[in-house]
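Taken in order, the sequence shown gives residues 0 to 307; the numbers are from numbering that gives the first Met the number 0.
The beta-carbon is built from N, C-alpha and C at its ideal position, and this holds for glycine as well.
Below is one structure, written out as structure tokens, with a few remarks after it.
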Amino acid sequence: MNSLIYPPRLREGDRVLILSPSGKIDKSFLRGAVRRLQSWGLNPVLAPHAGGACGTYAGTVEQRLHDLQAALDDPQVRAILCSRGGYGAVHLVGHLDFTRFREHPKWLIGFSDITALHNVLQHEGFASLHAPMARHLTVEPDDDPAMQALHDVLFGLYPSGQETFTYTCPAHELNRRGSCRGILRGGNLSVFYGLRGTPWDIPPEDTVLFLEDVGERPHAVERMVYNLKLGGVLERLSGLIIGQFTEYEENRSLGKPLYEALADVLRPYAYPVCFNFPVGHVTHNLPLVEGAEVVLEVEKKEVKLSFK
0 MNSLIYPPRL REGDRVLILS PSGKIDKSFL RGAVRRLQSW GLNPVLAPHA GGACGTYAGT
60 VEQRLHDLQA ALDDPQVRAI LCSRGGYGAV HLVGHLDFTR FREHPKWLIG FSDITALHNV
120 LQHEGFASLH APMARHLTVE PDDDPAMQAL HDVLFGLYPS GQETFTYTCP AHELNRRGSC
180 RGILRGGNLS VFYGLRGTPW DIPPEDTVLF LEDVGERPHA VERMVYNLKL GGVLERLSGL
240 IIGQFTEYEE NRSLGKPLYE ALADVLRPYA YPVCFNFPVG HVTHNLPLVE GAEVVLEVEK
300 KEVKLSFK
């Protein structure tokens with residue numbers, strides 16, 4: 000089912016490059032991310048334009064492209080941490096060369112607007128990591144579950160005797176029960192939607208799709224999900240995970256809460272659907288391996304997502 004290449008797990012002393020492919024970032028969060036990665040025994044390095052600014056972006060397209068391409072090419076870099084999202088990653092799509100990356104694959108880490116880069120890596124045949132970024136690494140405590148999970152996934156520290164790991168979360172009243180196996184793909188809905196119909200769109204077949212978003216009005220979210228319905232994407236999925244949709248006003252513009260409106264759109268399909276999964280623009284933003292083979296089990300009292 001899965002032919003994607005997985006980058007090697009990290010080891011103490013490995014170099015991690017921190018860059019800003021989209022929006023500009025408060026430099027205190029860059030310093031905080033450096034300290035956190037150092038505490039893990041890693042060797043974090045800031046890209047030349049990681050703390051740059053060009054309007055709302057972290058640099059010109061050329062500067063951001065240079066930083067990312069250099070990180071992809073550098074055989075000494077073992078992981079790439081995107082400092083933040085914010086619109087701009089789409090500027091780099093179609094301009095990246097993966098020739099040297101194929102010789103030395105590495106983890107690309109980030110979420111939100113970084114969904115565009117995850118789609119590119121899927122297209123090129125590599126797994127990547129939808130996970131917290133610099134602000135989270137700076138402000139959350141050592142025992143933060145999402146940060147601990149990020150550390151363990153990067154270092155391959157799975158439960159004793161296992162070569163995999165499982166997330167468990169409470170069931171939601173709108174869930175559709177069932178079990179499925181597929182390839183985990185997805186991320187930010189509006190970014191994913193923006194790449195529909197391009198070479199960097201993801202294939203729906205054998206896909207367990209996960210979606211999240213921030214600051215999108217309910218009718219805009221429903222419109223984008225209807226695009227997936229009318230475009231034949233939803234009917235071909237193996238399973239669907241609805242994550243966190245945050246920072247919007249639940250004004251009942253759809254005549255009902257957002258999750259209920261989405262449940263209505265999804266009613267014709269038989270595969271398992273999970274609502275309120277802990278992924279998105281929230282503190283409890285669990286790292287998800289894009290491209291991993293997973294088993295989704297939506298049960299009466301809980302949901303399990305197991306990485307195979």
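Beta-carbon proximity check, residue i vs residue j, cutoff 8 Å
i	j	result
His283	Ala88	no
Val288	Leu304	no
Ala126	Ala291	yes
Pro271	Gly238	yes
Tyr258	Glu215	no
Gly50	Ile24	yes
Pro6	Lys105	yes
Leu233	Tyr192	no
Lys307	Ala170	no
Ala115	Leu183	no
Pro198	His117	no
Val297	Leu261	no
Leu29	Leu45	yes
Pro286	Leu149	yes
Leu3	Gly124	yes
Arg14	Val60	no
Gly185	Phe209	yes
Residue i in three-state terms, based on DSSP
i	result
Ala78	strand
Phe274	strand
Tyr225	helix
Asp142	coil
Ser127	strand
Asp151	helix
Val297	strand
Asp212	strand
Leu95	coil
Thr282	coil
Glu232	Note that residue 232 is Val in the sequence shown, not Glu. It is coil, neither helix nor strand.
Ser111	helix
Leu3	coil
Glu289	strand
Leu239	strand
Leu304	strand
Rounded Cβ spacing between residue i and residue j (contact assumed at less than 8 Å)
i	j	result
Leu36	Pro47	Wrong, their Cβ atoms sit about 18 Å apart, outside the cutoff.
Cys179	Glu301	With 8 Å as the limit, Cys179 and Glu301 do not qualify as a contact, their Cβ atoms being about 16 Å apart.
Glu221	Leu253	6 Å
Cys273	Asn187	The pair is not a contact, with the Cβ atoms about 17 Å apart (cut-off 8 Å).
Leu373	Thr206	Residue 373 lies beyond the residue range present for the chain, which begins at 0 and ends at 307; the question has no answer from this structure.
Phe164	Arg8	Their Cβ separation, rounded to whole angstroms, is 13 Å, which puts Phe164 and Arg8 out of contact at 8 Å.
Leu91	Leu64	5 Å
Residue i CB to nearest heavy atom of the ligand GTP below 7 Å
i	result
Arg34	Looking at this structure, you won't find the ligand GTP or any other ligand, since it has none at all.
Query raised in the report: Are the segment 229-249 and the segment 265-278 in contact at 8 Å, needing three or more beta carbon pairs?
Result: Three or more pairs of CB atoms, one per stretch, sit closer than 8 Å, so the segment 229-249 contacts the segment 265-278.
Query raised in the report: Using 8 Å as the threshold, is the segment 83-103 in touch with the segment 61-74, meaning 3 or more CB pairs across them?
Result: These segments touch.
Query - Inter-stretch contact (C-beta, 8 Å, three-pair minimum) for the segment 103-113 and the segment 19-28 - result: Because the criterion of three Cβ pairs below 8 Å is met, the segment 103-113 and the segment 19-28 touch.
Query raised in the report: Are three or more beta carbon pairs between the segment 131-148 and the segment 74-86 nearer than 8 Å?
Result: Touching, yes, given that three or more Cβ pairs across the two stretches are closer than 8 Å.
Requested in this report: Any chance you could list the alpha helix (DSSP H) runs of at least 4 consecutive residues sitting entirely within the segment 154-207, in chain order?
Outcome: Segments of the alpha helix (DSSP H) lying fully in the segment 154-207: 188-193.
Requested in this report: Pick out the complete alpha helix (DSSP H) segments inside the segment 5-69, 4 residues or longer, and give them in chain order.
Outcome: Listed in chain order, they are 26-38.
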